[in-house]
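Same order as they appear, the protein sequences are chains A and B. Residues in the first sequence are numbered from -17 upward in steps of one, following our numbering. Residues in the second sequence are numbered from -17 upward in steps of one, following our numbering. Where is the CB? At the ideal position from N, CA and C, for every residue including glycine.
2 protein chains.
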Amino acid sequence: MSQPAEGWLERLQTNGYRLTGSRRAVVKIIAGSSKILTPLDVFEQARASHPGIGLVTVYRTLDKLEQLGLIQRVHQPSGCQAFAAALNGHQHLLICQRCGKVRYFSGDHLDGLVGNVEEESGFRVHEHWLQLFGLCNDCRN
Amino acid sequence: MSQPAEGWLERLQTNGYRLTGSRRAVVKIIAGSSKILTPLDVFEQARASHPGIGLVTVYRTLDKLEQLGLIQRVHQPSGCQAFAAALNGHQHLLICQRCGKVRYFSGDHLDGLVGNVEEESGFRVHEHWLQLFGLCNDCRN
DNA sequence: TTACTTGCAAACGTTTTGCACGATT
DNA sequence: AATCGTGCAAAACGTTTGCAAGTAA
């Protein structure tokens, strides 16, 4: 099992959740994936190591992981059902539209822009999304 | 009926679609709205001017308007069912999280950032989303 | 032992489809 | 007149909920 999965299980436990076979299976899948996964993807992959798991449990576990900030929902032009492992701190997403591979990047300099927009619009901005979509090295061929 | 609605109806017609009471009602609602609207919102508002309209027709008309680039789906942390009138050319969204009011802005300088990210990641970027979420002047109180 | 977690079945809200009738061109 | 569009009902889809049985602590 990958490094992050261990930490995730610990986080679940210290937050009062029990460690069960189903939860271990779900955590193992998403924590170890570099691609975005839908609940159904997770369900199908988790069944390999934990055959009796139910889709409902996948949904419930994903909810908890999202609440703990360990995963986040990824919105795309093609749909918004997939999740990716989350990073600490504010990062932006780069997503391969063919295979679903995700990368995070930082280094946007939006403070000035946000200030300008606030002034012109009268809005107060609380959050922003910056996402890049394209094809990864492997999928470009 | 507002100015944009006229142009939208023309666009529908020149693309081979017939002008019907239902379509006029749907176009009138979204073309004239500064807020994002779900299909159900459109349905309820359209019933005022066209009582017999069905929700299915709203869905079908929204599909066509989206294909023609006249409206676009707006993704938010709270959901992705709403649509907004689209602008010509590439613009970014500013959305009020309380009332759904949308504004467009330009002036992002992301070319350099995109170039850096492409170089570091090996991805080829084809599209980007930049969205700001906050509260508009009216909703800040 | 207790409370939490599970999988199943059923319910739910949203969106899509099949179809016969109606309307636009 | 021919084709396209409509509304209804039903189906499909992803997700959530109720519940009795099972399991971690």
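key: Chain-order list of residues whose beta-carbon lies under 6 Å from that of Arg5/A (same chain, five-residue window excluded)   = Only Thr43 meet the Cβ criterion.
query = With a Cβ-Cβ cutoff of 8 Å, do Cys78/B and Cys118/B count as a contact?
reply = The criterion of a C-beta distance shorter than 8 Å is satisfied by Cys78/B and Cys118/B.
query = Would you call the segment 50 to 58 of chain A and the segment 65 to 76 of chain B touching, i.e. three or more CB-CB distances under 8 Å?
reply = No, the segment 50 to 58 of chain A is not in contact with the segment 65 to 76 of chain B.
task = Taking only beta carbons into account, state which residues of the segment 37 to 67 of chain B come closer than 9 Å to chain A, listed in chain order.
result = Cβ contacts with chain A: Arg55, His57, Gln58, Pro59, Gly61 and Cys62.
ask   = Unbroken alpha helix (DSSP H) runs of length 4 or more, entirely within the segment 47 to 83 of chain B: which are they?
value = Those alpha helix (DSSP H) runs which fall completely within the segment 47 to 83 of chain B and span 4+ residues do not exist here.
query = Apart from the five residues on each side of it in sequence, which residues of its chain come closer than 8 Å, Cβ to Cβ, to Phe105/A?
reply = Once the five neighbours on either side are set aside, the close Cβ partners of Phe105/A are Val99.
inquiry  = Could you give the first and the last residue of the continuous alpha helix (DSSP H) run that contains Arg6/B?
reply    = DSSP places Arg6/B in the uninterrupted alpha helix (DSSP H) bounded by Gly3 to Ala13.
ask   = Where does Leu117/A fall in DSSP's three states?
value = If DSSP states are grouped into helix, strand and coil, Leu117/A belongs with the strands.
inquiry  = Need the endpoints of the alpha helix (DSSP H) that Asp23/A sits in, please.
reply    = Counted as a single uninterrupted DSSP element, the alpha helix (DSSP H) harbouring Asp23/A occupies residues Pro21 to Ser31.
task = Consult DSSP for Leu92/B and reduce its assignment to one of helix, strand or coil.
result = Three-state DSSP puts Leu92/B in coil, outside helix and strand.
key: chain B contact for Ser16/A (CB, 8 Å cutoff)   = No - not a single Cβ of chain B is within 8 Å of the one on Ser16/A.
query = Among residues of its own chain, excluding the 5 on either side of Tyr41/A, which ones have a beta-carbon nearer than 7 Å to its beta-carbon?
reply = Only residues of its own chain outside the window of five on either side were considered, and among them Pro21 have a CB closer than 7 Å to the CB of Tyr41/A, listed in chain order.
query = Quick one: Cα of Thr39/A to Cα of Ala67/A, how far?
reply = Cα to Cα, Thr39/A sits roughly 18 Å from Ala67/A.
Cα-Cα separation, Glu48/A to Trp111/B = CA-to-CA, the gap between Glu48/A and Trp111/B works out to about 22 Å.
query = Is Tyr41/B helix, strand or coil when you go by DSSP?
reply = Shown here, Tyr41/B sits in a helix according to DSSP, grouped into three states.
Chain B contact residues for Val96/A, given Cβ-Cβ distances below 8 Å = Under the 8 Å cutoff, chain B gives Leu114.
query = Is there at least one Cβ from chain B nearer than 8 Å to Asp93/A's Cβ?
reply = Interface residue (Cβ-Cβ distance to chain B less than 8 Å): Asp93/A is not classified as such.
message = For a quick check, are the C-beta atoms of Ser31/B and Ala7/B less than 8 Å apart?
response = Result yes, Cβ atoms of Ser31/B and Ala7/B sit closer than 8 Å.
query = Under 8 Å between the Cβ atoms of Gly116/B and His108/A?
reply = The Cβ atoms of Gly116/B and His108/A lie closer than 8 Å to each other.
Buried versus exposed, by CB contacts within 10 Å (16 or more), Ser15/B = By the neighbour-count rule (16 or more Cβ atoms within 10 Å), Ser15/B is buried.
task = For Glu26/A, go through chain B and note every residue whose CB falls closer than 8 Å to its CB, in chain order.
result = The contacting residues do not exist; Glu26/A stays about 24 Å from chain B at best.
task = Could you pull out every residue in the same chain whose Cβ sits closer than 6 Å to the Cβ of Met(-17)/A, ignoring the five residues on either side in sequence?
result = Because the pLDDT at Met(-17)/A is just 43, under 50, the model does not fix this residue reliably, and the point stays unresolved.
ask   = Taking Cβ-Cβ distances shorter than 8 Å, what residues in chain A pair up with His110/B?
value = The answer, in chain order, is Leu112, Gln113, Leu114 and Phe115.
inquiry  = Could you compute how far the alpha carbon of Leu19/B sits from the alpha carbon of Tyr86/B?
reply    = Each residue's alpha carbon lies about 16 Å from the other.
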